[in-house]
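In the numbering used here, the protein residues as written are 63 to 697. Here is the structure we will look at, set down as structure tokens.
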């Protein structure tokens, strides 16, 4: 959904109207909401200004939501209208559908209802704008035909002589200079259309009634084309003595209209799919069936790679292998965000001629999501019209993929919120209860110092928990811009920020990777802190693990084939605990919060990497981060 969205919300409860406006605009600054408490007021606002969507309650004084809908439809038949009510039923829903409602939604008791309402508004407005864009393009096509090349003819009834221009003969599939009288011309029309053109011709002669119609022609080779055929009379003393007319080849326009209508039909299916794979599959099928791009593929971005998601043919050259985002024609298209047409692969350097068997190609960006590519074994197979249609199709794909990203992010945020709520309610409760109890005992005791010291320790514990919770929350935020980062330099900076005591850092890496430098430093800080403070991130209590404590631990940062590792020579992490240590709040230490490794995992996942725990060569813990994109030099 591009651009600002103005919503008119009509509800007789002003407090609920204000809440709805706040919630809709909270996470989407494109949405602005104007409220009204009466349907009549809503109609007045619609007359005075423009809105992209109307949201209305059902039970309202003076006019129900259905009556309001009917009034809106009388003046604005296409404007999205969503009935958002808490007292509806099947009968109300049925009446709303009959009256032309765009969507129907029951009010709920939680804030999730506003997230659902936002999605419904987004889908309705997107469909509304898409339809208007298609109608606009159809109107432009209609205007364009007026300036197209047209063949002209004239027929003298008195002399029984015809004159036909070369362009008109070409449209009939005939050579210039061919004799084409009216009776023979009509034989070139489709058998089903001949009665229509003959009747129209006779009405011009007998009733002086001009005609203008779209019919089908079939030339001597059997090729069909659509034409716009027009004819009008010339009279002398009230008698038709001559006819003049034109024939215009509108086959391309008809085909464009058919393609636009087909794309319009397939757009809702693409935009309502639930997975990236299905969105891409629907797009590829539409490209093959509607745009006749039989060899095509969609690649979406994953980290620094473009990974194939759907392919129209198993034999598509290189259609099943990932490519770097700066590699080949796909990389160029993604980086520049511009469509590219290659008329002859022999004349460009963006393709591997030793491996590729196709001769021409089309590459179209899908916003920040990825790239669509189509190829042909023939040269010059793609033109500007192909680019236009592909970009229109892929605008729906981009919209669908953006929606899925937002839904995944919303789901992730909700999961984190539930996780934090559980941690806060559980882990903060114990030190808070201790502090309250000790404070009460201190007030009643003649020697309160011991109790006050316990209160102070509880306060320190709560402060530590809160700081770690905030760090965990920030670690799960979207990462910033990726840039080339020297791994060794970031590791050393992180080491300087941690209280390392007598611990030692050994850096053997020479890699430069693509990462958010601030988040990467935070990752190292938490790994180092766990190693130093908890004895190689050992989850065993110090009393049970004499080797723990981390005062003389050595931490090593080195390279992997597709990433890096941080290893220590402490007691390590038992194999049976390695899957649990990343759970937020998991700790067996009395002083630990259990958030450090959760922060590490969040940062890793935000980059699209993966983290696993193994045993180091010295028997300690080894954290391996893989899926990392290395760069050859700092730009």
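Glycine included, each C-beta is placed from N, C-alpha and C at the ideal position. Only a predicted model underlies this, so the values are computations on that prediction, with no experimental measurement involved.
Annotated three-state conformation of residue 229 is helix, per DSSP.
With respect to the C-alpha of residue 139, the residue from 89, 103, 190 having the closest C-alpha is 190.
When the beta-carbon positions are compared, residue 670 and residue 682 stay at least 8 Å from each other. Judged by DSSP in its simplified three-state form, residue 581 adopts helix.
Proximity to residue 435 across 472, 368, 469, 500 peaks at 368, based on C-alpha coordinates. Counting C-beta atoms within 10 angstroms of its own C-beta, residue 159 has fewer than 16 neighbours from the protein chains shown and is therefore classed as exposed. Under the 8 Å Cβ criterion, the segment 332-347 does not count as touching the segment 402-410, having fewer than three qualifying pairs.
Closest option to residue 181, judged by alpha-carbon separation, among 115, 219, 227, 152: 115.
Around the beta carbon of residue 528, fewer than 16 other beta carbons sit within 10 angstroms, so the residue counts as exposed. Within the segment 297-382, the complete beta strand (DSSP E) runs of at least 3 residues fall at 301-311, 357-364, 367-373. Ranked by how close their Cα comes to the Cα of residue 619, the residues 128, 557, 595 have 557 in first place. The DSSP assignment places 273-280, 286-298 as complete runs of the beta strand (DSSP E) inside the segment 243-307, in order along the chain (cut-off: 3 residues). Put simply, of 318, 227, 373 the residue whose alpha carbon is nearest the alpha carbon of residue 306 is 227. Boundaries of the alpha helix (DSSP H) around residue 154: 152-160. Rounded to the nearest angstrom, the gap between the Cα atoms of residue 642 and residue 563 is 28 Å. For residue 676, the CB contacts under 7 Å within the same chain, skipping 5 residues up- and downstream, are 684, 686 in chain order.
Counting only the Cα atoms, residue 295 lies some 15 Å from residue 223. By the beta-carbon neighbour count (other beta carbons within 10 angstroms, threshold 16), residue 147 is buried. The C-beta distance from residue 144 to residue 165 rounds to 5 Å, short enough to fall under 8 Å. Residue 76 sits in a helix when the DSSP states are folded into three classes.
In this structure, the straight-line span from the alpha carbon of residue 86 to that of residue 79 is close to 11 Å. Counting along the chain, residue 96 sits inside the beta strand (DSSP E) bounded by residues 93-98. Secondary structure of residue 240 (DSSP, three-state): coil. Residue 510 has its alpha-carbon roughly 4 Å from the corresponding atom of residue 504. Taken through DSSP and simplified to helix, strand or coil, residue 550 comes out as helix. Looking only at 149, 186, 178, the smallest Cα-Cα distance to residue 163 is reached by 186. Ranked by how close their Cα comes to the Cα of residue 582, the residues 95, 519, 199, 627 have 627 in first place. Counting of Cβ neighbours within 10 angstroms places residue 73 among the buried residues, the total reaching 16 or more.
Scanning its chain for C-beta atoms nearer than 7 Å, with the 5 sequence neighbours on each side dropped, one finds around residue 169 the residues 146, 147, 148, 175, in chain order.
For the pair residue 136 and residue 105, the Cα-to-Cα distance works out to about 11 Å. DSSP places residue 103 in no beta strand (DSSP E) but in the uninterrupted alpha helix (DSSP H) bounded by 101-110.
Contact annotation: the segment 421-435 touches the segment 454-470, with at least three C-beta pairs closer than 8 Å.
For residue 266 and residue 141, the gap between their C-alpha atoms comes out near 43 Å.
Leaving aside the five residues that flank residue 625 on each side, the residues in its chain whose CB is nearer than 6 Å to its CB run, in chain order, 687, 688, 690. DSSP, read as helix, strand or coil, puts residue 684 in strand. If you ignore the 5 residues before and after residue 579, its C-beta comes within less than 8 Å of the C-beta of 545, 547, 552, all in its own chain and listed in chain order.
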